[in-house]
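Number of protein chains: 2
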Amino acid sequence: MRSPITWQSVQAEALRRLRAGLWTPGARIPDEAELARELGCARSTVNRALRELAAAGLLERRRKGGTRVPLTPVRKATFEIPIIRLDIEARGQCPGYRLIRQATEPLPKAEARAMRADPGAPFLHLLALHLADDRPFCAEDRWINPETPGLDGADFETLSANEWLVGNTLFSDGAIGFAATAATPELAALLDCAPDAPLLTITRSTRAGPRPITAVRLFYAPGHRLETRL
Amino acid sequence: MRSPITWQSVQAEALRRLRAGLWTPGARIPDEAELARELGCARSTVNRALRELAAAGLLERRRKGGTRVPLTPVRKATFEIPIIRLDIEARGQCPGYRLIRQATEPLPKAEARAMRADPGAPFLHLLALHLADDRPFCAEDRWINPETPGLDGADFETLSANEWLVGNTLFSDGAIGFAATAATPELAALLDCAPDAPLLTITRSTRAGPRPITAVRLFYAPGHRLETRL
DNA sequence: TAGTGGTCTAGACCACTCA
DNA sequence: GAGTGGTCTAGACCACTAT
Numbered sequence: 001m002r003s004p005i006t007w008q009s010v011q012a013e014a015l016r017r018l019r020a021g022l023w024t025p026g027a028r029i030p031d032e033a034e035l036a037r038e039l040g041c042a043r044s045t046v047n048r049a050l051r052e053l054a055a056a057g058l059l060e061r062r063r064k065g066g067t068r069v070p071l072t073p074v075r076k077a078t079f080e081i082p083i084i085r086l087d088i089e090a091r092g093q094c095p096g097y098r099l100i101r102q103a104t105e106p107l108p109k110a111e112a113r114a115m116r117a118d119p120g121a122p123f124l125h126l127l128a129l130h131l132a133d134d135r136p137f138c139a140e141d142r143w144i145n146p147e148t149p150g151l152d153g154a155d156f157e158t159l160s161a162n163e164w165l166v167g168n169t170l171f172s173d174g175a176i177g178f179a180a181t182a183a184t185p186e187l188a189a190l191l192d193c194a195p196d197a198p199l200l201t202i203t204r205s206t207r208a209g210p211r212p213i214t215a216v217r218l219f220y221a222p223g224h225r226l227e228t229r230l
Numbered sequence: 001m002r003s004p005i006t007w008q009s010v011q012a013e014a015l016r017r018l019r020a021g022l023w024t025p026g027a028r029i030p031d032e033a034e035l036a037r038e039l040g041c042a043r044s045t046v047n048r049a050l051r052e053l054a055a056a057g058l059l060e061r062r063r064k065g066g067t068r069v070p071l072t073p074v075r076k077a078t079f080e081i082p083i084i085r086l087d088i089e090a091r092g093q094c095p096g097y098r099l100i101r102q103a104t105e106p107l108p109k110a111e112a113r114a115m116r117a118d119p120g121a122p123f124l125h126l127l128a129l130h131l132a133d134d135r136p137f138c139a140e141d142r143w144i145n146p147e148t149p150g151l152d153g154a155d156f157e158t159l160s161a162n163e164w165l166v167g168n169t170l171f172s173d174g175a176i177g178f179a180a181t182a183a184t185p186e187l188a189a190l191l192d193c194a195p196d197a198p199l200l201t202i203t204r205s206t207r208a209g210p211r212p213i214t215a216v217r218l219f220y221a222p223g224h225r226l227e228t229r230l
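As they're listed, the protein sequences go chains H and Z. Per UniProt numbering, the first sequence runs over residues 1 to 230. Per UniProt numbering, the second sequence runs over residues 1 to 230.
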């Protein structure tokens, strides 16, 4: 009895052929049935291996058209987006949190568009600072729908809104964006950096089905880098 | 004969239960066999549905431990990283390319570390500008291993190194990082922006097995945003 | 030790799409 | 119309790990 061929080994073999140039860009590769015969496994095993490569952008598959090596592969990079506190702890630093401001204010247009909410509607507006080893790590500028269930009982003095939302709302739909912005005077004071310093900025908006939940801008202290493997 | 249950519909039902709060954070959900019985499908169909949710960070699965809703879900965001020219075309703009400088120089430490190459080794150093509708889009500062096969025949006056590498080298291993940096005087002149303007900066390094290939910094013109759905 | 997810198989039918 | 990938099924065995 042979030990069974795993989909991982089929995938590794496919990668080997891609890297060795046996399967060249633009060319069609053998179909699933043929690879299954050649490698001595079931077609579904080949399917799983190649499906994942296609999802990663390393192959293109079409019914009847077969599987091809793309001429211009679209690489995909995946970032993990943990809770800020856990991110700081993962760096071996001691996380801190300070609420700077909290008020109910009319929702600005940009945030309204991102959440698909009504501009001018009264939203809870928070400004907070996350600290790593007592040094500024990231400023959080957040707008929260006051109709979010359970919001009344939340105390954002001690618990980051980031964490409260993760534990108390149900994800549905969202968008995220990366940009570079210049530090405003207030942000510069919070983050202890020069005014107009370049800040990596992450914008996130979240909805639960039809209901807008929250829009947030995270301004990371100068020098912050977000990294991942390809 | 009933129409078959698809893994997508099982996944949708699981998401519905998560959003409806039927499956709450920290709680264990029914095991695969039970869900399969309940939904009237094969266990492998349930497995595929839940496996993808676990990969997305919405569930945690462990053998014998069962499947749970994580207390602190780690969201994952995936960005597509196309060739710059295709990115510009996808925006409905006309792409342009200008080579600014090309020389062989000793590899700086930062790039050497990123590629795991020897600092000071002679590398090909390119500085180029990508244009969208004749306006500066992105500056490309690239270091290429001169021992990369086929490099002699490449003409970077007319063809972006970005594209040449995609078509002529085989991917193996790489890293990518995002940051915000201030425009140097030279970058400000190229990108037609103020000196010290905040620039979204993407750093990428690529290796093919044991061999370092290229390290590149892309400086996007002010205002550039990178977006994706969650 | 026993329960649960991870995976393989062999066969089947369907959906898309190319010629 | 026919070839290819997409998926479902039923059953099986294995690997991990909680108890």
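In this text, a Cβ means the ideal position worked out from N, Cα and C, and glycines have one as well. Only a predicted model underlies this, so the values are computations on that prediction, with no experimental measurement involved.
For this session: With DSSP as the reference, label Z:P185 as helix, strand or coil.
Result: helix
For this session: Starting from the beta carbon of H:V74, find every residue of chain Z whose beta carbon is closer than 9 Å, and list them in chain order.
Result: E80, I81, P82, I83, L86
For this session: Give the DSSP bridge partners of H:C94, in chain order.
Result: The partner list for H:C94 (beta bridge, DSSP) is empty, contrary to what the question assumes.
For this session: Please determine if the segment 71–80 of chain H and the segment 103–118 of chain H are in contact, where contact requires at least 3 C-beta pairs separated by less than 8 Å.
Result: no
Exercise. Do you know how far the Cα of Z:G96 is from the Cα of Z:E60?
Worked result: 46 Å
For this session: Please report the residue range of the beta strand (DSSP E) in which Z:W23 lies.
Result: Counting along the chain, Z:W23 falls outside any beta strand (DSSP E), and DSSP gives it neither H nor E.
For this session: Residues of the segment 128–149 of chain H with a CB closer than 8 Å to any CB of chain Z: list them in chain order, please.
Result: none
Problem set entry | Beta-bridge partners of Z:L226, as assigned by DSSP | H:F178
For this session: Compare the beta carbon distance of H:R204 and H:I176 with 8 Å and say whether it is the shorter of the two.
Result: yes
Problem set entry | Three or more C-beta pairs below 8 Å linking the segment 39–54 of chain Z and the segment 7–15 of chain Z | yes
For this session: Kindly identify the DSSP beta-bridge partner or partners of Z:A77.
Result: H:F79
Exercise. Quick one: is H:R229 near chain Z, going by C-beta distance under 8 Å?
Worked result: yes
Problem set entry | Which residues DSSP lists as bridging Z:L126, in chain order | Z:Q102, Z:R142
Problem set entry | Amino acids of chain H, ordered along the chain, whose beta-carbon sits closer than 7 Å to that of Z:D196 | D196
For this session: Identify the contact partners of H:V69 in chain Z, using a Cβ-Cβ distance below 8 Å as the criterion.
Result: By Cβ distance, chain Z contributes nothing, its closest Cβ being about 10 Å from H:V69, past 8 Å.
For this session: Could you tell me the distance, in whole angstroms, from the CA atom of Z:R211 to the CA atom of Z:D133?
Result: 37 Å
Exercise. Should the segment 31–44 of chain Z be regarded as contacting the segment 219–228 of chain H, the criterion being three or more beta carbon pairs within less than 8 Å?
Worked result: no
For this session: Buried or exposed for Z:A189, please, with buried defined as at least 16 other CB atoms from any protein chain shown within 10 angstroms of its CB.
Result: exposed
Exercise. Which whole-angstrom value is the C-beta distance of H:E31 and H:G66, which I expect to be below 8 Å?
Worked result: One detail in the question is off: residue 31 of chain H reads as Asp in this sequence, not Glu. So it is a contact: roughly 6 Å between Cβ atoms.
Exercise. For the segment 136–154 of chain Z against the segment 214–223 of chain Z, are there 3 or more C-beta pairs whose distance is under 8 Å?
Worked result: yes
Exercise. Going by the CB atoms, is the gap between H:A182 and H:P198 shorter than 8 Å?
Worked result: yes
Exercise. Closer than 8 Å, CB to CB, is Z:G153 near chain H or not?
Worked result: no
Problem set entry | Secondary structure of H:R85, DSSP reduced to three states | helix
Exercise. Residues bridged to H:I5 by DSSP?
Worked result: DSSP, once it has assigned bridges, lists no residue as partnering H:I5.
Exercise. With burial defined as no fewer than 16 other Cβ atoms inside 10 Å of the residue's Cβ, what is the status of H:D87: buried or exposed?
Worked result: buried
Exercise. In whole angstroms, what is the alpha-carbon distance linking Z:G223 and H:T184?
Worked result: 15 Å
Exercise. Do you know offhand how far residue 233 of chain Z's Cα is from H:G153's?
Worked result: Outside the shown range of chain Z, which is 1 to 230, sits residue 233 of chain Z, and nothing can be said about it.
Problem set entry | Closer than 7 Å at the beta carbon, the chain Z residues around H:T181 | P198
For this session: Specify the secondary structure class of Z:A208 as computed by DSSP and reduced to three states.
Result: strand
Problem set entry | Distance between beta carbons of H:P146 and H:L124, contact taken as under 8 Å | 5 Å
Exercise. Between Z:R16, Z:G209, Z:D192, Z:P4, which lies nearest to Z:R135 when the distance is taken from Cα to Cα?
Worked result: Z:D192
Problem set entry | Beta-carbon proximity list for Z:G174, same chain, < 8 Å, skipping 5 on both sides | R204, S205, T206, R207
Exercise. With 16 as the cutoff for other CB atoms within 10 Å, does H:P149 come out buried or exposed?
Worked result: exposed
Exercise. Does any CB atom of chain H fall closer than 8 Å to the CB of Z:I213?
Worked result: no
Exercise. Given that a residue counts as buried once 16 or more other Cβ atoms are within 10 Å of its Cβ, and exposed if not, what is Z:L18?
Worked result: buried
Problem set entry | Listed by chain order, chain H residues near Z:L191 by CB distance under 9 Å | Ordered by position in chain H, no residue passes the 9 Å Cβ test against Z:L191, which lies about 12 Å from the chain.
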